[in-house]
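Undergrad: Encoded as structure tokens, here's the structure I'll be asking about.
Residue numbers (the working numbering): 24 to 638.
Here it is as structure tokens:
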């Protein structure tokens, strides 16, 4: 019969609506304000005694909690409001500072979504900085250390270049950003100067003499600027990669001034994992174990498995040569390992260093720049001030069984260390050390007011549309209004399922979607009126209206969708937020305006002997 849906289409529409309601429901459960305590060490856990100290500290200051728990090795304390949350964080930090061990105290939002919804994977939408605030970091790039690393690498390369050319030198030393190479023969110095001038033209070469003959390689100001610019730009890109690894939507990562980087993570209050990944400078150094007769000035001591291991000062490669790192397990011991892939130059250096040293041991050094809170006097007050420090740890000392190339593995790590190291190396090595100089949870700029006004705009816009459709299109307007409400439910459900971040421009996208969704129904209903005016029967007019308006609706929505995709691909921040909401809204409105509205109209008029239509 005309204008009747088969059972599967009705079930499809009903099923989509039911799922939409279920997956949009978490948004009616606002999260609790919470304070999270985590261990600063990978794989560390927070004990019951630490939680007790934190709760007692809050009680002493007259602050109440509305619940606490230990989850996944972390402690979570729920508090009644944001003021208690902010003050409580400082109180707990001071209380835990006296304990053994390092702890990260962070603001968090504790979910109140019922467990049965969480088990279905239903989560509420996140809000952007302009609506709900988020996490703000200010990072300092140690450009001086980047320059020093470049000179140290130059020292290693110069030694290798002279050895390969059979040019004997007395010593190579670094003094005040100048690399000095000493010779005992002037003719040998002249040969070396000509060779080095060709290989290292980015350095300024000068000569001098006293008891010996010198070549000085001084780093130029232009090279310094290039190193500093590259270090900051590379770190910005690496942070963006790490943010992607964290799954944060619509982040802001940009350079500030000469050596600082601003990171804003909208909708995120749990700073623990963000600090652990973004604020951590973790890379590797590969060095051969020193020979027994090596002078003490050429070796570095490291503690390894309860004893001291001596490694050469010369570095084979650093972690910036790693292009991929994946966690795996040793098939024989079943212990975790990190499978490393190097770039071409890194693989060549590794092969050159190991092919003539089979049987010797090679050390892998894990270098990490951390920050610790230190009590200091600031403007007459005792405050916890973050202070950076470098931790170097020998994680592997294995015998070279064969010449290594672009692929090899690192063992001797725990499972959590292997996962974290692989993530950091895969996201990209930092070109220079970096540490957090400022960290704060950002309150929304007029956030509550923005949410209130945004909600009013959606309700007002939808209310006017609903009223117009009801008055102008009567029964068909009722069907369109139900479909419009279903569209809003599906839009919220999809955004929640995708963990999309809602921003103020995103709310504008929702309002635009409401207008576009009803526009499709207006086209359909106007076509039905035209067919009725052309003396078609009511049933034939309904069928023709939906069928013939479809092409126009599809054309209009596809062109809008293409524009939204272009906005998303070339836009940043708020533009992307608008594009995401608009793109999802176009898809859901097409479904509800065409299939949803027709399903309702079919239920009212389909298969009946209708004389007139209330339209």
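No residue lacks a Cβ here, since even glycine has one placed at the ideal position from N, Cα and C.
Could you give the distance in angstroms between the alpha-carbon of residue 542 and the alpha-carbon of residue 589?
TA: Numbered from 1 along the chain shown, position 519 holds the residue referred to as residue 542. Numbered from 1 along the chain shown, position 566 holds the residue referred to as residue 589. Going from the Cα of residue 542 to the Cα of residue 589 covers about 23 Å.
Undergrad: Which of the three DSSP states is assigned to residue 37 in this structure?
TA: What you label residue 37 is simply residue 14 of the chain shown in a count that begins at 1. Correct three-state label for residue 37: helix.
Undergrad: With distance defined between alpha-carbon atoms, name the residue in 208, 568, 159, 373 nearest to residue 499.
TA: Along the chain shown, one-based indexing puts residue 499 at 476. Of the listed residues, the one whose Cα sits closest to residue 499 is 568.
Undergrad: Near residue 369, what residues of its chain come up, given a Cβ to Cβ distance below 6 Å and the 5 sequence neighbours on each side ignored?
TA: Here residue 369 refers to the residue found at position 346 of the chain shown. Contacts found: 340, 344.
Undergrad: Give a single yes or no on whether residue 544 has its beta carbon closer than 7 Å to a heavy atom of the ligand SAM.
TA: Ligands displayed in this structure: none; no statement on the ligand SAM is therefore possible.
Undergrad: Going by the beta-carbon positions, is the gap between residue 566 and residue 26 smaller than 8 Å?
TA: On the chain shown, position 543 is the one that residue 566 refers to. On the chain shown, position 3 is the one that residue 26 refers to. Yes, Cβ-Cβ distance for residue 566 and residue 26 is below 8 Å.
Undergrad: Quick check on residue 601: buried or exposed, where buried means 16 or more other Cβ atoms within 10 Å of its Cβ?
TA: The residue given as residue 601 occupies position 578 in the chain shown. The residue is buried, with at least 16 neighbouring Cβ atoms inside 10 Å.
Undergrad: Give the straight-line distance between the Cα atoms of residue 96 and residue 361, rounded to the nearest whole angstrom.
TA: Taking the chain shown and counting its residues from 1, one reaches residue 96 at position 73. Taking the chain shown and counting its residues from 1, one reaches residue 361 at position 338. Cα to Cα, the separation comes out at about 24 Å.
Undergrad: Hey, would you say residue 386 sits closer than 8 Å to residue 426, going by beta carbons?
TA: Within the chain shown, numbered from 1, the residue matching residue 386 stands at position 363. Within the chain shown, numbered from 1, the residue matching residue 426 stands at position 403. Going by C-beta atoms, residue 386 is not nearer than 8 Å to residue 426.
Undergrad: For residue 558 and residue 43, I'd like the C-alpha separation in whole angstroms.
TA: By 1-based counting over the chain shown, the position of residue 558 is 535. By 1-based counting over the chain shown, the position of residue 43 is 20. Roughly 40 Å separates the two Cα atoms.
Undergrad: Going by CA-CA distance only, name the one from 147, 200, 306 that's closest to residue 392.
TA: As a working note, residue 392 is residue 369 in the chain shown. For residue 392, the nearest C-alpha among the options comes from 306.
Undergrad: Leaving out five residues on either side along the sequence, give the residues of the same chain with a beta carbon under 7 Å from the beta carbon of residue 46.
TA: Taking the first residue of the chain shown as position 1, residue 46 is located at position 23. Once the five neighbours on either side are set aside, the close Cβ partners of residue 46 are 145, 516, 519, 520.
Undergrad: Looking only at its own chain, which residues have a Cβ that is under 8 Å from the Cβ of residue 266, when we skip the five neighbours before and after it?
TA: By one-based count along the chain shown, residue 266 stands at place 243. 274, 276, 286, 288, 301.
Undergrad: How many Å lie between residue 403 and residue 134 at the Cα?
TA: Locating residue 403 in the chain shown gives position 380, where the first residue counts as 1. Locating residue 134 in the chain shown gives position 111, where the first residue counts as 1. If you take the alpha carbons of residue 403 and residue 134, they lie about 39 Å apart.
Undergrad: Of all the beta strand (DSSP E) runs that stay within the bounds of the region 322 to 409, which reach a length of 3 or more residues?
TA: Listed in chain order, they are 322 to 327, 330 to 335, 345 to 352, 359 to 365, 384 to 401.
Undergrad: What's the C-alpha gap between residue 116 and residue 278?
TA: Position 93 of the chain shown, counting from 1, holds the residue named residue 116. Position 255 of the chain shown, counting from 1, holds the residue named residue 278. Rounded to whole angstroms, residue 116 to residue 278 spans 30 Å at the Cα level.
Undergrad: Between residue 580 and residue 613, how many whole angstroms is the CB-CB distance? I'm expecting something under 8 Å.
TA: For this step, residue 580 is matched to residue 557 along the chain shown. For this step, residue 613 is matched to residue 590 along the chain shown. That pair is a contact at about 6 Å.
Undergrad: Is it a yes or a no for the region 167 to 178 touching the region 533 to 551, going by three-plus beta-carbon pairs under 8 Å?
TA: Flag = no, the region 167 to 178 and the region 533 to 551 do not touch.
Undergrad: Extract the residue ranges of the beta strand (DSSP E) inside the region 183 to 245, only unbroken runs of 3 or more that lie entirely within it.
TA: As far as the region 183 to 245 is concerned, its whole beta strand (DSSP E) runs of at least 3 residues are 194 to 198, 201 to 206, 226 to 232, 236 to 242.
Undergrad: Let me know the secondary structure DSSP gives residue 289 once reduced to three states.
TA: As a first step, residue 289 must be located in the chain shown, where it is residue number 266. Of the three classes helix, strand and coil, the one that applies to residue 289 here is strand, per DSSP.
Undergrad: Between the Cα of residue 148 and those of 352, 118, 604, spot the shortest distance and give me the residue it belongs to.
TA: Residue mapping note: residue 148 aligns to position 125 of the chain shown, counting from 1. Minimum Cα distance to residue 148 is reached at 604.
Undergrad: In chain order, what are the residue ranges of uninterrupted alpha helix (DSSP H) at least 4 long that sit wholly in the region 470 to 541?
TA: Listed in chain order, the complete alpha helix (DSSP H) runs (minimum 4 residues) inside the region 470 to 541 are 470 to 520.
Undergrad: Ignore the nearest five residues each way along the sequence and tell me which others in residue 236's own chain have a CB closer than 6 Å to its CB.
TA: As a working note, residue 236 is residue 213 in the chain shown. Cβ within range, chain order: 206, 209, 212.
Undergrad: Which same chain residues, not among the five before or five after residue 485, have their C-beta less than 6 Å away from its C-beta?
TA: The residue labelled residue 485 in the question sits at position 462 within the chain shown. So the list reads 537, once near-sequence residues are dropped.
Undergrad: Mapping DSSP to helix, strand and coil, what is residue 607?
TA: Residue mapping note: residue 607 aligns to position 584 of the chain shown, counting from 1. Helix at residue 607.
Undergrad: Using DSSP bridges, identify the partner residues of residue 174.
TA: Sequence index remark: in the chain shown, residue 174 carries index 151 (1-based). None; residue 174 has no bridge partner.
Undergrad: Go ahead and pull the three-state DSSP assignment for residue 150.
TA: On the chain shown, residue 150 is found 127 positions in, with the first residue counted as 1. Three-state DSSP puts residue 150 in a strand.
Undergrad: With DSSP collapsed to three states, give me the class of residue 632.
TA: Against the chain shown, residue 632 aligns to sequence position 609. Residue 632 falls in the coil class under three-state DSSP.
Undergrad: What are the boundary residues of the beta strand (DSSP E) that residue 314 is part of?
TA: Position 291 of the chain shown holds residue 314. Residue 314 -> no beta strand (DSSP E), and no H or E assigned at all.
Undergrad: Where residue 224 and residue 308 are concerned, what is the direct C-alpha to C-alpha distance, given to the nearest angstrom?
TA: As a working note, residue 224 is residue 201 in the chain shown. As a working note, residue 308 is residue 285 in the chain shown. Looking at the two C-alpha atoms, the distance is approximately 27 Å.
Undergrad: I think residue 620 touches residue 506, with their Cβ atoms under 8 Å apart; what is that distance to the nearest whole Å?
TA: The count along the chain shown starts at 1 and reaches residue 620 at position 597. The count along the chain shown starts at 1 and reaches residue 506 at position 483. Indeed they touch by this definition, with Cβ atoms about 4 Å apart.
Undergrad: On a CA-only basis, which of 234, 226, 607, 440 is nearest residue 585? Give me that one, please.
TA: Residue mapping note: residue 585 aligns to position 562 of the chain shown, counting from 1. Of 234, 226, 607, 440, the residue nearest in Cα terms is 607.
Undergrad: Return the Cβ separation of residue 432 and residue 363 in integer angstroms, given the expectation that the two are a contact with Cβ distance under 8 Å.
TA: As a working note, residue 432 is residue 409 in the chain shown. As a working note, residue 363 is residue 340 in the chain shown. Going by Cβ atoms, the distance from residue 432 to residue 363 rounds to 7 Å, so yes, they are a contact pair.
Undergrad: Measuring straight from C-alpha to C-alpha, what distance separates residue 280 and residue 383?
TA: Within the chain shown, residue 280 is the residue found at index 257, counting from 1. Within the chain shown, residue 383 is the residue found at index 360, counting from 1. C-alpha separation (whole angstroms): 46 Å.
Undergrad: Residues in its own chain within less than 6 Å of residue 346 by CB, not counting five upstream and five downstream?
TA: Here residue 346 refers to the residue found at position 323 of the chain shown. Taken in chain order, the residues that qualify are 364, 366.
Undergrad: Could you tell me which whole beta strand (DSSP E) segments of length 3 or greater appear in the region 104 to 138?
TA: DSSP runs (the beta strand (DSSP E)) wholly in the region 104 to 138: 126 to 133.
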